[in-house]
Amino acid sequence: MRRVVVTGIGTVNALAQDVPGTFAAFRQGRTGIGPLGLRDAERLTIRVGAEVRDWDEGRFTPSELSLYDRVTQYAVVAGGEAVAMAGLSGPLGPRAGVILGTAAGGIRTWEDSYRAVFQEGKSRVPPLVVPRLMHNAAASHLSIRHGAAGPVLSVSSACAGANHALGLAMQQIRAGAADVMLAGGAEAMLCFGGVKAWEGLRVLAPDMCRPFSLGRKGMVIGDGAGVLVLEAEEHARARGARVLAELAGFGMCADAGEIVAPDPEGAARAMRAALADAGLRPADVGYVNAHGTGTLLNDRSETLALRAVFGAEAPPVSSTKAMHGHAIGATGALEAIACILALTEGLLPPTLGFLEPDPDCALDVVTGKARPARVEAVLSNAFAFGGLNAVLALRRA
Amino acid sequence: MTERAEIEAAVIEILARQLLLPETEISPEARVEDLGLDSLGKVEAIFALEERFDISVPFNANEPDQPDFDFSSVPSIVAGVERLIAAT
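This is the structure we're talking about:
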């Protein structure tokens, strides 16, 4: 079976609009969560989020802007950084593809259009609304910009979108359908309607995300994109590319139970499947980037799952969502990038917002600041609404 | 001012709709836990109360002791709604 390696990463998120800035924030333990600046925020009950601030749309041409919802903008900037880091250029050709996760796609375009016709009484919307809001717009524009003419699609599995995208992209390379895949996720749900929808579920924290901590009050939504360049190992070696890590395993499964409540048994099955796919034993894993949303239910359920898989010797765990927010369909890509930091620099990014240990979350939680630790392999968890579990295993290059 | 009896009737009606029960099976003293309302039913019931009385219920599913709104029984919900109506 062909081994799959990571040769480039790129991101836009609330911490920074590139990888060096994001790594710096992970090292420093800085949060991107703050007051929402979006239009009509004063009519929201929840007014915090991890927004991408000071975004410059001037980098795009007017014709690009008419086609690029914010979710596409984030994806193409993150993808451009990843491709450049990988040292790839020119049309990538039919042996290259793109798979991106997104939950809400071009939701801002939906919102702006509805606002125009329903609220402002206009009788028409801009002509390119359909290609702008379609869920595959971000994946397609990455494909167009880099000439990736192989397997290209978007996946939509709520909070597990990017993990599913990365896992499926890895499988394309393993199966011989492609040599290079750009994979990850993009999300831009921090608009009035997006937050309003989340408010109804009563699971958002009014102040801060505090994963695995006593006193946690829920999740905080984030925006952004993360793209990884995945490559067949022999393809990367042949061109002398720098290998950042190996994407070694992927496990996915469904709870087939509740629509929003997590099931520790399903989460544990996905982790075990990822380990088996990577040929890893639990004891080989030196760090888990948890799903860790900061809700009462997730963190308790994920703890049970981790204890079931790893026993009393569970490795150090952190949730970086208290820094970049829960970026829904993009979050797995941001967290895979956090895992790359752990593997390449021997530094486990911290869980911010932590107040005090919760007896229901008896884990070695990395809190406060990044912890030095040489790790050989890591897991990155994602457990989505709909009962969909997707876990990645990465190994040191 | 909305009468307490009217609020109580609405609370029972809303809970009954979520539980798929006849209203007569929900006593004015009933505890929500005993009725078997799940977490999704709870947020739908709260939404229905907000729409019915034009109030905003401060409720976060992540706070088990529900410091801002006691959703544990029909009387506690009625008292909470009364307080929110009085405050508007």
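Sequences listed follow chains A and B, in order.
Positions 1175 to 1571 (our numbering) are the ones given, in order, by the first sequence.
Positions 867 to 954 (our numbering) are the ones given, in order, by the second sequence.
All residues carry an ideal CB built from backbone N, CA and C; glycine is no exception.
Residue i burial status per 10 Å Cβ neighbour count (16 or more: buried)
i: residue 1293/A; result: exposed
i: residue 1376/A; result: buried
i: residue 1227/A; result: exposed
i: residue 954/B; result: exposed
i: residue 1543/A; result: exposed
i: residue 1541/A; result: buried
i: residue 895/B; result: exposed
i: residue 1466/A; result: buried
i: residue 1568/A; result: buried
i: residue 899/B; result: exposed
i: residue 1530/A; result: exposed
i: residue 1242/A; result: buried
i: residue 1196/A; result: buried
i: residue 920/B; result: exposed
i: residue 1248/A; result: buried
i: residue 1291/A; result: exposed
Residue j beta carbon less than 7 angstroms from that of residue i
i: residue 1183/A; j: residue 1402/A; result: yes
i: residue 1273/A; j: residue 1327/A; result: yes
i: residue 1539/A; j: residue 1386/A; result: yes
i: residue 889/B; j: residue 880/B; result: no
i: residue 1245/A; j: residue 1412/A; result: no
i: residue 1419/A; j: residue 1514/A; result: yes
i: residue 1283/A; j: residue 1497/A; result: no
i: residue 1222/A; j: residue 1421/A; result: no
i: residue 1519/A; j: residue 1460/A; result: no
i: residue 1203/A; j: residue 1277/A; result: no
i: residue 1329/A; j: residue 1275/A; result: yes
i: residue 1391/A; j: residue 928/B; result: yes
i: residue 1220/A; j: residue 1373/A; result: yes
i: residue 873/B; j: residue 944/B; result: yes
i: residue 1348/A; j: residue 1176/A; result: yes
i: residue 906/B; j: residue 885/B; result: no
i: residue 1537/A; j: residue 1491/A; result: yes
i: residue 1364/A; j: residue 1532/A; result: no
Cβ shell of residue i (< 6 angstroms), same chain only, five flanking positions each side left out
i: residue 960/B; result: Given a span of 867 to 954 for chain B in the structure shown, any question on residue 960/B remains unanswerable.
i: residue 1430/A; result: none
i: residue 1317/A; result: 1272, 1326
i: residue 1343/A; result: 1273, 1355, 1357, 1404
i: residue 1516/A; result: 1461, 1522, 1549, 1552
i: residue 1545/A; result: 1522
Contacting residues, own chain, Cβ-Cβ under 7 angstroms from residue i (five flanking each side not counted)
i: residue 922/B; result: 916
i: residue 1266/A; result: 1320, 1321, 1322, 1354
i: residue 1346/A; result: 1271, 1325, 1352, 1355
i: residue 1416/A; result: 1181
i: residue 1483/A; result: 1442, 1445, 1446, 1456
i: residue 942/B; result: 936
i: residue 1438/A; result: 1475, 1478, 1479, 1482
i: residue 914/B; result: 880
i: residue 1571/A; result: 1179, 1417, 1418, 1419, 1420
Sequence-distant residues of the same chain with beta carbon closer than 8 angstroms to residue i, five excluded per side
i: residue 1240/A; result: 1300, 1302, 1306
i: residue 1394/A; result: 1207, 1222, 1223, 1224, 1378, 1379, 1382, 1383, 1468, 1495, 1496, 1499, 1500
i: residue 1193/A; result: 1183, 1184, 1185, 1255, 1259, 1511
i: residue 1436/A; result: 1429, 1471, 1472, 1475, 1476, 1557, 1561
**Prompt:** Does the segment 1388–1400 of chain A come close enough to the segment 1488–1502 of chain A that 3 or more CB-CB pairs lie under 8 angstroms?
**Reply:** yes
**Asked** For the 8 angstroms Cβ check, are there 3 or more pairs between the segment 1517–1531 of chain A and the segment 1473–1485 of chain A?
**Response** no
**Item:** Segments of 4+ residues assigned as alpha helix (DSSP H) that fall wholly inside the segment 1216–1244 of chain A
**Value:** 1236–1241
**Asked** Going along the chain, which unbroken runs of the beta strand (DSSP E) with 3 or more residues stay wholly within the segment 1436–1469 of chain A?
**Response** Qualifying beta strand (DSSP E) stretches, in chain order: 1459–1463.
**Message:** Three Cβ pairs or more, each shorter than 8 angstroms: is that satisfied between the segment 1345–1362 of chain A and the segment 1505–1512 of chain A?
**Reply:** yes
**Asked** When the Cβ atoms of the segment 1550–1557 of chain A are set against those of the segment 1438–1445 of chain A, are three or more pairs found closer than 8 angstroms?
**Response** yes
**Item:** At least 3 beta-carbon pairs within less than 8 angstroms: the segment 1559–1569 of chain A vs the segment 1418–1425 of chain A
**Value:** yes
**Message:** Measuring CB atoms only, is the segment 1246–1265 of chain A touching the segment 1333–1345 of chain A, in the sense that at least three cross pairs come out at less than 8 angstroms?
**Reply:** no
**Prompt:** Which runs of the alpha helix (DSSP H) fall wholly inside the segment 1315–1393 of chain A and span at least 4 residues, in chain order?
**Reply:** 1335–1348, 1366–1373
**Request:** Report the residue ranges of all beta strand (DSSP E) runs contained in full by the segment 1238–1282 of chain A; include only those spanning at least 3 residues, in chain order.
**Result:** 1270–1275
**Message:** Which runs of the alpha helix (DSSP H) at least 4 residues long sit entirely within the segment 1178–1207 of chain A? Give them in chain order.
**Reply:** 1193–1202
**Prompt:** Listed from N- to C-terminal order along the chain, which residues in the segment 923–940 of chain B have their beta-carbon within a distance smaller than 8 angstroms of any beta-carbon of chain C?
**Reply:** This model lacks chain C altogether, as its protein chains are A and B.
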